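Notes to accompany the following structure.
Structure below.
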């Protein structure tokens, strides 16, 4: 196609402009190189310093999240263990309460509770613990060392046999583990206090047992009114179970 004079002039000017821009870009690149400045590009990505800083921030955040998670899991496990200990102590208390509540003096004995201390006792009970009803079972509640380096609260119940007009407990008793706790406890996991009163005007007062024989002298005018029993880990008061058990057959 024939090119007119004005079109030719326009084409020449456009080529000069393009060449000028090219020379300016080359000169700018040379200046950046001379001053040690990197040539910037729109799609160059992240620099090494930016990556290092980003990784450092990410690591710190992950450490914080991990510490919070570990702390939360520790609190959950501790609460679960306390709940399990309290449930086990509650079950043990129910068994002990049943044995003590229906304590009574059987024929041939002088007291319903013997060989008592702050963490052990022997009680004669009509609680129907075994297979035979209306007989006085002998139940011993005590603390001993477990086979797995633990402290164990145990009940040992013996069924009686009739010998003439009296009862005998010569057989082997049935042993049941009521509660098991670590052996590192500073105090006993079972605590028992004894309260007696005059049947005519009952104002209970605490009695200190001797550890052998009856809790009260057989000639005493007072009778045992109730026992206060606490069972559980003494280092965790919130997981302990405490109950006042009235001796309904003795009052």
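Numbering (this note's numbering), first residue to last: 615 to 865.
C-beta atoms are modelled at their ideal positions from N, C-alpha and C, and glycine is treated no differently.
Keep in mind the model is a prediction, meaning the values are calculated, not measured.
- [ ] Tell me whether the beta-carbon of residue 864 lies closer than 8 Å to the beta-carbon of residue 838.
- [x] yes
Task: Reduced DSSP secondary structure (H/G/I, E/B, other) of residue 672 - done: helix
- [ ] Give me the Cα-Cα distance between residue 782 and residue 752, rounded to the nearest whole angstrom.
- [x] 10 Å
Open item on the list: I'd like the ranges of any beta strand (DSSP E) spanning at least 3 consecutive residues and lying wholly in the stretch 769–842.
Closed with: 775–777, 780–782, 788–796, 804–811, 819–821
Task: Residues near residue 734 in its chain [Cβ-Cβ closer than 6 Å; skip 5 each side] - done: 756
TODO: With residue 735 as the anchor, note down where its beta strand (DSSP E) starts and where it stops.
DONE: 734–739
Open item on the list: Could you check whether residue 812 and residue 776 sit closer than 8 Å to each other, using their CB atoms as the reference points?
Closed with: no
- [ ] Just the C-alpha distance for residue 700 and residue 720, rounded to the nearest angstrom, thanks.
- [x] 34 Å
Task: Limits of the unbroken beta strand (DSSP E) element including residue 849 - done: Unbroken run through residue 849: none, as it is neither H nor E.
Task: Status (buried if at least 16 other CB within 10 Å, exposed otherwise) for residue 684 - done: exposed
Task: Through-space distance from residue 796 to residue 707, alpha-carbon basis - done: 19 Å
- [ ] Return the CA-CA distance between residue 703 and residue 792, expressed in angstroms with no decimal places.
- [x] 8 Å
Task: 6 Å CB neighbourhood of residue 652 in its chain, flanking five on each side removed - done: The predicted position of residue 652 is uncertain, since its pLDDT is 49 and thus under 50; a value taken from the coordinates is nonetheless stated next. Excluding residues within five positions, none has a Cβ falling inside 6 Å.
Task: Residue closest to residue 828, alpha-carbon to alpha-carbon, out of 771, 807, 774, 724 - done: 724
Task: residue 881 burial status per 10 Å Cβ neighbour count (16 or more: buried) - done: A query on residue 881 cannot be resolved here, the shown segment of the chain reaching from 615 to 865 and no further.
Open item on the list: Are the CB atoms of residue 754 and residue 736 within a distance shorter than 8 Å?
Closed with: yes
- [ ] Assign residue 747 to one of three DSSP states: helix, strand, or coil.
- [x] coil
Open item on the list: Tell me which residue opens and which closes the beta strand (DSSP E) that residue 730 is part of.
Closed with: 727–731
Task: Spatial distance of residue 687 from residue 823 (CA atoms) - done: 46 Å
TODO: Would you decide whether residue 858 is buried or exposed? Buried here means 16 or more other CB atoms lie within 10 Å of its CB.
DONE: exposed
Task: Simplified DSSP state of residue 649, which is helix, strand or coil - done: In this prediction, residue 649 scores a pLDDT of 49, lower than 50, which makes its location untrustworthy; the coordinate-derived value is nonetheless stated afterwards. Here residue 649 sits in coil by DSSP.
TODO: Compute the Euclidean distance between the alpha carbons of residue 840 and residue 738, then round it to the nearest angstrom.
DONE: 15 Å
Task: residue 774 burial status per 10 Å Cβ neighbour count (16 or more: buried) - done: buried
Task: Straight-line gap, residue 780 to residue 860 (C-alpha atoms, nearest Å) - done: 26 Å
Task: Terminal residues of the beta strand (DSSP E) in which residue 719 lies - done: Residue 719 -> no beta strand (DSSP E), and no H or E assigned at all.
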